[in-house]
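Peer 1: Residue numbers (the working numbering): 89 to 201. Using N, Cα and C, we set each Cβ at its ideal position, and we do this for glycine too. Take this structure, written in structure tokens, and hold onto it; I'll ask about it next.
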Amino acid sequence: MSSEVYPSIEELFMGAQWLSAPLRKEIATRYEELGPKYLTDELHTDGRKINGCMQKNSAQDALEEVVDAVFNMLVLRFKGYAVGNILPSLLDAYTRLLAMQQAIDLELGEKQS
């Protein structure tokens, strides 16, 4: 499926060599399994169907996922697991995504003017 869709998983992975092999495999598997339900009727210039991820607010989606991750870390902490070394990374991701979201909102607002 991936090569028939824009963007392909290979295109998404371009320049992301820092992703570990297990994470790349998990992302690719999810894209392969879940991608078809997000296909749009819109075609890319090369004839491939466009995945809906290209039309979504990915920063907002990522923010929601980070909030879910922080919640799950709080639950794990409540259950007695040591999560102190993970939470700072998630909080940093949340702060950076908020800034990105604000920049995107500003950019979109300027384009609509």
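1. Should Y94 be labelled buried (16 or more other beta-carbon atoms within 10 Å of its own) or exposed?
2. Among the candidates M188, T128 and N160, whose CA atom is the shortest distance from the CA of C38?
3. So for I174, helix, strand or coil by DSSP?
4. Using a Cβ-Cβ cut-off of 8 Å (strictly less than) and excluding sequence neighbours within five positions of M161, which residues of its own chain qualify?
5. I'd like to confirm the pairing. Which residues does DSSP put opposite I138 in its beta bridges?
6. For T133, which of helix, strand or coil comes out of DSSP?
7. Helix, strand or coil for L186? Go by DSSP, reduced to three states.
8. Would you report the Cα separation of N145 and R165, rounded to the nearest angstrom?
Peer 2: Straight from the coordinates:
1. buried
2. The displayed coordinates of the chain run from 89 to 201. Any statement about residue 38 would go beyond what the structure contains.
3. coil
4. V171, I174, L175 and L178
5. Y94
6. coil
7. helix
8. 31 Å
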